[in-house]
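Residue 1 is where the sequence shown starts when you use our numbering, and the numbers rise one by one after that. Ideal placement from N, C-alpha and C gives every residue a C-beta, glycine not left out.
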Amino acid sequence: MAGLFHRRLRLRTALRWMSPLSTASPPAVVRTLPPGFSSGLLQTPRPVSCGVRCRELHAGEERPTPSPTAAPERRPFSRVTPEDMAFFSKIIPGRTITDPDILEASNMDWLKSVRGFSEVLLRPQTTEEVSQILGYCNSRNLAVSPQGGNTGLVGGSVPVYDEIILSTALMNNILNFDSVSGILSCQAGCVLESLSLYLEDKDYIMPLDLGAKGSCHIGGNVATNAGGLRLLRYGSLRGTVLGLEVVLADGRVLDCLATLRKDNTGYDLKQLFIGSEGTLGVITAVTILCPRKPKAVNVAFLGCESFEQLLQTFQLCRGMLGEILSAFEFLDRECMRLLNTHLKLANPITDCPFYIVIETSGSNPTHDEEKLHQFLEEAMTSSQVIDGTVATEEAKIKALWSLRERVTEALTHDGFTYKYDISLPVERIYQLVTDMREHLGDRAKSVVGYGHVGDGNLHLNITSPTKDPNLLASIEPFVYEWTARFQGSISAEHGLGLKKRNYIYYSKATRCTYGSFYVNNCACSFPQRDP
1 MAGLFHRRLR LRTALRWMSP LSTASPPAVV RTLPPGFSSG LLQTPRPVSC
51 GVRCRELHAG EERPTPSPTA APERRPFSRV TPEDMAFFSK IIPGRTITDP
101 DILEASNMDW LKSVRGFSEV LLRPQTTEEV SQILGYCNSR NLAVSPQGGN
151 TGLVGGSVPV YDEIILSTAL MNNILNFDSV SGILSCQAGC VLESLSLYLE
201 DKDYIMPLDL GAKGSCHIGG NVATNAGGLR LLRYGSLRGT VLGLEVVLAD
251 GRVLDCLATL RKDNTGYDLK QLFIGSEGTL GVITAVTILC PRKPKAVNVA
301 FLGCESFEQL LQTFQLCRGM LGEILSAFEF LDRECMRLLN THLKLANPIT
351 DCPFYIVIET SGSNPTHDEE KLHQFLEEAM TSSQVIDGTV ATEEAKIKAL
401 WSLRERVTEA LTHDGFTYKY DISLPVERIY QLVTDMREHL GDRAKSVVGY
451 GHVGDGNLHL NITSPTKDPN LLASIEPFVY EWTARFQGSI SAEHGLGLKK
501 RNYIYYSKAT RCTYGSFYVN NCACSFPQRD P
């Protein structure tokens, strides 16, 4: 490890710059280090509590004031030439796409709110092909935008300008599965739902589950550190991902594709790339620890009169269901209205201000059903829950889960959507929704809240008939100032992308962001992986 972090990395990088510290600078430019850092080894600044500093954002710390909607300026990258196209066609014959109709889908994000202008889409199938592409782009100073399933909600999965799109869609092979340890190795372009179906046949499941599982890629999940519906039970990807294979900006391959659960030899380099959103390298393969498929699954859909009762139900649920509790989700009355209006999904219980989706998963059906019955009886007797229904059959379980998973889809039919993925102390989650409704009044068409109570994650969504700059100016920075005031995070699981890059300082103090600044300015001397 003595060779690590010992020299400056002077790359004309092929990766698009998304650093929150600079609205324009790509990694191709070697930047001046902030005070406390040297051009070689990291020098520790005077001890300062990051947690304390992060909470002083509105107590006088000077912060940048970028234009909220400003995209980064296009840096002096090269333009694609016929010679470049000839090289790409030679490396990946038949998979160099220039058809405008095909490119349109890759240039536009899922919400149709951000659009790039790329004229080239590359579809490699192997790590070696990715390595050759990035090595060439680095030498030519060509900008590249990595793309997985393009299901991101913050504009981070599409080009800003004319970057070459590097898609992992054809890197969809399962490399290995160990049925004893439950460790899965696969390429980054594997669709999450496909992996889930593969594992179910082997009596295992993926440790994460998302509403976008039918389209999102596991590489993109890792690159954004996606949370999802199972985080309460199985934890985040920082714990379940055991290893990564990553191609760096200059084409070098970092092989950390470990299958060990315990390895305390030096730096855990894979953690740099989990949640890095493609800014440090392109993830090409993943090893992930998968839990056994539960033999008994139950889903309860409950209604509460107030959010306070919902939180009381959560406390009771954790105490009485314990080890079999795998999810605790909520949605409000407005969400249910949109589901009924736009998707014709019927409410299975009495109309309520708040709804809860509780999932239990275990190994003993009788034991689990008994615990769930005792919990529901206590919740109803104490008037924490006013109505509910329980499903044990797969079809009915999917029907109840659809009421939570399809809220995002329903919102797309309600107009232009402003989406916010906020992490807050659990008791504050819904107060933001209430305050936002009061703040906006009748300027918004709908203001709804839903999310993961178990890990304090609110999805605040605001709709208007069309895109409205005046409405956006009323929402931002109000939503971020409110979040910072209650010591929350402006991005719980969606990442920063293009839309939130200028707002990171509401969650992280300047000193707390120097780590990413340093990583992008220092060299990592990695051994080249054998082809």
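Three-way DSSP call (helix, strand, coil) for residue i in this model
i           : result
residue 264 : coil
residue 206 : coil
residue 285 : strand
residue 379 : helix
residue 108 : strand
residue 442 : helix
residue 330 : strand
residue 96  : strand
residue 192 : helix
residue 115 : strand
residue 354 : strand
residue 367 : helix
residue 42  : Since pLDDT at residue 42 reaches only 27, below the 50 mark, its modelled position is unreliable, and no value is offered.
residue 479 : helix
residue 216 : coil
residue 167 : strand
residue 198 : helix
residue 343 : helix
residue 424 : coil
residue 154 : coil
residue 139 : helix
residue 280 : coil
residue 90  : helix
residue 310 : helix
Sequence-distant residues of its chain with Cβ nearer than 8 Å to residue i (five each side left out)
i           : result
residue 195 : 174, 184, 186, 206, 218
residue 122 : 88, 92, 95, 96, 97, 133, 164, 165, 166, 167
residue 182 : 204, 289, 290, 291, 292
residue 101 : none
Same chain, Cβ closer than 7 Å to residue i, neighbours up to 5 away in sequence not counted
i           : result
residue 467 : 416
residue 203 : 292, 293
residue 492 : 227, 421, 422, 423, 457
residue 193 : 213, 214
residue 107 : 115, 116, 117, 118, 158, 159
residue 169 : 123, 189
residue 135 : 250, 251
Identified DSSP bridge partners for residue i
i           : result
residue 461 : 419, 448
residue 388 : 302
residue 176 : 185
residue 243 : 287
residue 362 : 296
residue 256 : 244
residue 540 : With the chain covering only 1 through 531, there is no way to say anything about residue 540.
residue 316 : Bridge partners of residue 316: none, in fact.
residue 474 : Partner(s): none; residue 474 has no beta bridge.
residue 229 : BP columns for residue 229 are empty, so no partner.
residue 491 : 421
residue 237 : Looking at the DSSP assignment, residue 237 forms no beta bridge with any residue, so it has no partner.
Other residues of its chain near residue i: CB distance less than 6 Å, five sequence neighbours each side excluded
i           : result
residue 338 : 410, 414
residue 503 : 480, 490
residue 225 : 237, 274, 275
residue 400 : 299, 301, 391
residue 419 : 153, 461
residue 180 : none
residue 208 : 228, 230
residue 333 : 353
residue 384 : 309, 312, 313
residue 1   : Caution applies to residue 1, whose pLDDT of 34 falls short of 50 and renders its modelled position unreliable; the value that the coordinates give is listed next. Closer than 6 Å at the Cβ level, and outside the excluded window around residue 1, lie 266.
Anticipated Cβ contact below 8 Å, residue i with residue j, distance rounded
i           : j           : result
residue 178 : residue 303 : Contact flag wrong, Cβ pair sits at about 43 Å.
residue 282 : residue 146 : 5 Å
residue 532 : residue 264 : What is shown of the chain runs 1 to 531, which leaves residue 532 out entirely.
residue 239 : residue 287 : Not quite, the Cβ-Cβ distance comes to about 13 Å (not below 8 Å), so this is no contact.
residue 78  : residue 141 : 5 Å
residue 156 : residue 498 : 6 Å
residue 453 : residue 314 : 5 Å
residue 144 : residue 80  : With 8 Å as the limit, residue 144 and residue 80 do not qualify as a contact, their Cβ atoms being about 11 Å apart.
residue 496 : residue 277 : 7 Å
Give a yes or no on contact between the stretch 420-428 and the stretch 358-366, applying the rule of three or more CB pairs nearer than 8 Å. no
Note to self: Three or more C-beta pairs under 8 Å: does that hold for the stretch 127-141 against the stretch 241-261?
What the structure shows: yes
Worksheet item: Does the pairing of the stretch 222-237 with the stretch 451-466 give three or more beta-carbon distances under 8 Å?
Response: yes
- Message: Closer than 8 Å is the cut-off here; do at least three beta carbon pairs connect the stretch 438-449 with the stretch 320-327?
- Response: no
Looking at C-beta atoms only, is the number of pairs between the stretch 311-322 and the stretch 264-271 that lie closer than 8 Å three or more?
-> no
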